[in-house]
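Here the protein sequences come in this chain order: X and Y.
In this text, residue positions in the first sequence follow the working numbering: the first is 1, and each later residue adds one.
In this text, residue positions in the second sequence follow the working numbering: the first is 324, and each later residue adds one.
Ideal Cβ placement from N, Cα and C applies to all residues, glycine included.
First comes the structure, then the notes that go with it.
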Amino acid sequence: MIDSKKILANRPNLPDLTHPVIDGNYLYLTNQTGLMYTKINKWIKNRIPGAIIYGRPRLGKTKAIDYMMRVLENTWENRFNFYSMSTKVHTNLTERIFFEEMLISVGHNEISKGTVVDKRNRLTKFLIAKASITNARKIVFFIDEAQRLAEKQYDWLMDIYNELYANGITLTTILVGQPELKLTRNSYFDYKDMIRERFMTELHEFQGLLDEDDIRLCLSQYDGALVFPKNSDWSFTRYFFPLQYEGGFRLENYSEQIYSVFWKVQQQHGNTNFVQIPMHYFTLFVDSILRELGVEGDNVWELSDHQIKEAIIETGYESTFKS
Amino acid sequence: MKYSFIEHIKQPTDTSYAWNPQWIQKYESYNSIIRKFCFANEITPIYFKKVFSSDSQLNILKRIIGFDEEEYINNQKKLICSRIGTHINGESVFRNDEWICNKCYINGLHSIFHQVSIFTNCIYHIKWGNRRERIREISIRKRRYGQLSEKNPSRPYFEPNHSKLGRGYRDIGKSLDHYIFRLLSNHKKCISFTHPIDQRSELDRVKGIKNCFIAKFFSELLTRQGIMETEYRMMYPRAQEDRTTTYHRYVLNEFIRNSKYTYDTLYKQFHISLNFFQNSIILSETNSFHVYLDVFLRLIKILMEEKISLKLQIFRF
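Quick look at the structure:
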């Protein structure tokens with residue numbers, strides 16, 4: 001017999017809109033990030049100067065970088081330095097803008113002071129200083145939206161690479177972007193070998209959720225690993241389905257059902273093979289289930305196909321298919 | 324690898340300046356450290372002063388480099404004073420004006436030893452028997468950066484100003500060449516240890532002593548204390564009057580004239596001389612000359628102990 005009063009009384013009393021599910025402010029392991037982690041680790045160990053990770057939009061590449069940064073920092077604590085930046089589009093791209101953005105991305109306090117040369121030196125010295133404290137003297141730089149990088153930006157990056165190399169520091173750049181990045185790499189085969197060999201040695205395709213196993217791993221995180229408040233035992237599922245959770249309700253148990261509903265939606269749009277589910281839509285979908293069907297919503301005890309489908313449609317997932 | 328993170332937006336940290344604690348050398352002055360900080364972050368000292376003016380900013384700086392100005396200076400002062408004897412007032416041991424060694428400065432070092440008044444040659448570059456690098460005082464007109472230290476006028480050392488100092492230490496050397504240096508020794512006040520004062524021309528006396536790295540110190544001291552006028556007989560006794568004293572005069576004289584002695588020899592010589600003067604009737608316990616000779620002896624001892632660690636480590640990326 002479930003003592004609902006007691007369970008609800010123990011449930012953390014959080015102020016409105018503070019749970020991470022509300023704003024999606026959380027990160028967790030997926031099969032794809034796990035694969036990406038293994039690849040990056042291998043590249044770092046093999047001292048690969050640069051590699052490309054590409055994938056369709058909305059697959060969760062940016063969040064994967066954020067996740068990687070944290071996990072790699074934990075793994076290689078005090079040995080490597082990890083930084084990330086997102087490439088922006090500028091009508092008139094100058095060296096000054098580029099180095100200012102780099103300085104922002106490494107977290108330097110002095111961004112705009114001085115000439116271009118000052119900024120370049122400031123960046124290099126900063127990286128040298130940080131690397132010189134660590135044992136391995138290595139820096140790993142993630143560059144998001146890398147398909148936007150212009151050729152001259154590669155040249156400036158190469159200058160930094162060379163200067164660091166002259167000081168005994170290895171820079172590994174991991175370019176993350178859309179599939180155009182792969183095309184860029186191919187185009188450099190003809191006339192810019194230096195860029196390709198330095199920044200695009202290895203390739204890895206980042207994908208969304210491919211099968212039921214991928215979905216199961218994600219959902220299991222909501223049931224266990226993702227907890228809020230920090231260090232409590234209130235997993236996301238338990239917080240939003242407290243009574244059901246006591247009775248054995250787990251999102252993980254719905255993996256097969258959720259997979260089949262996604263597949264049905266895809267079939268309705270004319271797909272004959274299962275198409276990878278972008279993480280963006282999947283996360284929105286789970287957030288919606290937790291919010292709308294949990295104790296703060298309809299408080300259902302079982303998830304039906306209809307409810308799952310509605311939650312999928314609400315995320316805008318159908319917009320990924322051609323009408 | 325099953326990590327999960329809430330609040331994925333990273334919190335800003337204080338480590339947003341380029342700094343490595345290993346860049347600090349032993350006995351390095353605070354302002355020298357700050358100059359390294361400016362150099363590493365490509366900012367000018369003037370800009371540094373502007374940014375790190377508020378208490379909150381100074382606290383950030385303290386977290387980055389590990390200490391604040393007052394704390395560091397006091398520790399350095401204590402360190403030196405503890406080595407040279409507690410009976411000496413620390414203020415009188417340190418110069419009030421900033422002194423630099425050109426060679427050290429080019430390589431990014433200003434040491435507390437450059438401010439110890441007893442040394443007129445750089446202890447990092449002194450090579451007995453060879454050419455020695457003289458420490459020089461920087462023109463007062465070029466000392467705008469010194470304002471940083473005016474908050475605490477009692478500090479034992481501070482740095483000269485140069486607006487380009489944050490640009491790179493190698494450039495500094497070139498700039499410094501244009502500075503007007505004032506020669507350390509005031510030759511008119513020098514005395515010769517080679518002959519009784521009344522038997523040599525002033526020019527000869529200057530020649531005899533100008534390379535002595537303690538010359539100015541002793542000459543000023545002797546003049547200030549009236550020893551040169553009233554008690555020089557102690558320093559230059561007639562041979563026939565006191566053979567033992569003459570011997571010690573000879574020992575000191577040899578040291579002054581010849582710069583080929585090792586630290587060990589110097590130490591021994593001064594030790595013998597000090598013992599002699601301590602036991603002599605002429606110098607009492609409270610006599611300044613005795614006290615300063617003692618200070619000098621202790622400083623030589625520091626050099627002997629530290630001669631390896633004081634080896635200049637060139638700061639560059």
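Applying the criterion that 16 or more other CB atoms from any shown protein chain within 10 Å of the CB defines a buried residue, is X/S84 buried or exposed?
buried
**Prompt:** Near X/N10, which residues of its chain fall below 7 angstroms by C-beta distance, leaving aside the five closest residues on each side in sequence?
**Reply:** Here the set comprises nothing.
Would X/S132 count as contacting chain Y if we go by Cβ distances under 8 angstroms?
So, interface residue.
- Residues bridged to X/N81 (per DSSP): X/I139
Exercise for review: Tell me the start and end of each unbroken alpha helix (DSSP H) in the segment 273-301 of chain X that is at least 4 residues and wholly inside, in chain order.
Suggested key: 279-293
**Request:** Below 7 angstroms CB to CB, which residues in the same chain sit around X/T283 once its five sequence neighbours on both sides are set aside?
**Result:** G24
Fill in: Pairwise C-alpha distance: Y/K400 and X/D118
35 angstroms
Flag this pair as yes or no: are the beta carbons of X/E212 and X/G55 separated by less than 8 angstroms? For X/E212 and X/G55, no; Cβs fall outside 8 angstroms.
- Query: From X/A150 to X/N186, what distance separates their C-alpha atoms?
  - Reply: 15 angstroms
Notebook entry, point to check: Tell me, which residues are paired with X/I53 by DSSP?
Noted result: Note: X/I53 sits in a beta bridge opposite X/V176 and X/H204.
For X/Q76, does the three-state DSSP call read helix, strand or coil? The question names Gln, but residue 76 of chain X is Trp in the sequence shown. Here X/W76 sits in coil by DSSP.
Practice item. Would you kindly work out how many angstroms separate the C-alpha atoms of X/I128 and X/L164, rounded to a whole number? Key: 7 angstroms
Pick from X/A146, X/D16, X/L14 and X/M36 that is closest to X/Q207, judged by C-alpha positions:
X/M36
| query | Taking Cβ positions only, does Y/N382 come closer than 8 angstroms to chain X? | reply | no
Just by C-beta distance, which residues in the segment 98-129 of chain X are closer than 7 angstroms to chain Y? G107, H108, N109, E110, K113, G114, D118, N121, R122, K125, F126, I128 and A129
Quiz item: Looking at C-alpha atoms only, which residue of X/L14, X/S4 and X/A64 is the closest neighbour of X/T33?
Solution: X/A64
Please list, in chain order, the chain X residues whose beta carbon lies closer than 9 angstroms to that of Y/I366. E110, K113, G114, D118 and R122
Quiz item: Hey, is the segment 288-305 of chain X in contact with the segment 238-251 of chain X, meaning 3+ C-beta pairs nearer than 8 angstroms?
Solution: yes
Neighbouring residues, chain X, relative to Y/S339 (Cβ below 7 angstroms) = G107, H108 and N109
Take Y/W342 as the anchor and find which of Y/E351, Y/S352, Y/K349 and Y/F362 has the nearest alpha-carbon.
Y/F362
Kindly indicate if chain X contains any beta-carbon less than 8 angstroms away from that of Y/N343.
-> yes
Quiz prompt | Presumed contact (8 angstroms Cβ cut-off) between X/N81 and X/I139, rounded CB distance | solution = 5 angstroms
- Message: On the CB-based measure, 16 or more other CB atoms within 10 Å of its CB, does X/K322 come out buried or exposed?
- Response: Around the beta carbon of X/K322, fewer than 16 other beta carbons lie within 10 angstroms, which makes this residue exposed.
Since X/I111 and X/L103 are thought to touch, with beta carbons under 8 angstroms apart, how far apart are those beta carbons, to the nearest angstrom? That pair is a contact at about 5 angstroms.
In three-state DSSP terms, what is Y/S434?
-> strand
Simplified DSSP assignment, three categories, for X/T91 = coil
Would you report the Cα separation of X/P12 and X/H280, rounded to the nearest angstrom? 27 angstroms
**OP:** Could you check the C-alpha separation between X/K267 and X/E77 for me, to the nearest Å?
**Re:** According to the sequence shown, residue 267 of chain X is Gln rather than Lys. Between X/Q267 and X/E77, the C-alpha separation is close to 46 angstroms.
- Does Y/Y395 have its Cβ less than 8 angstroms from a Cβ in chain X? no
Closest Cα partner of X/Q221 within the set X/L17, X/L27 and X/I7: X/L27
**Report entry** Residue closest to Y/G389, alpha-carbon to alpha-carbon, out of Y/Y353, Y/L432, Y/Q438 and Y/S434
**Finding:** Y/Y353
(Q) So the candidates are X/L303, X/I52, X/E302 and X/D3; which of them puts its Cα closest to the Cα of X/E202? (A) X/I52
* **Rounded straight-line distance, which links the Cα of Y/I347 to that of Y/I356** => 7 angstroms
Report task. Starting from X/D144, follow its DSSP beta bridges and name the residues at the other end. Result -> Under DSSP, X/D144 takes part in a beta bridge, and its partners are X/S86.
field: DSSP three-state assignment for Y/N453, whether helix, strand or coil
entry: With a pLDDT of 40 at Y/N453, under the threshold of 50, the modelled position of this residue cannot be trusted; read the value that follows with caution. Y/N453: coil per DSSP, three-state reduction.
Compute the beta-carbon to beta-carbon distance between X/D223 and X/E252, rounded to the nearest angstrom, for a pair I have assumed lies under 8 angstroms.
5 angstroms
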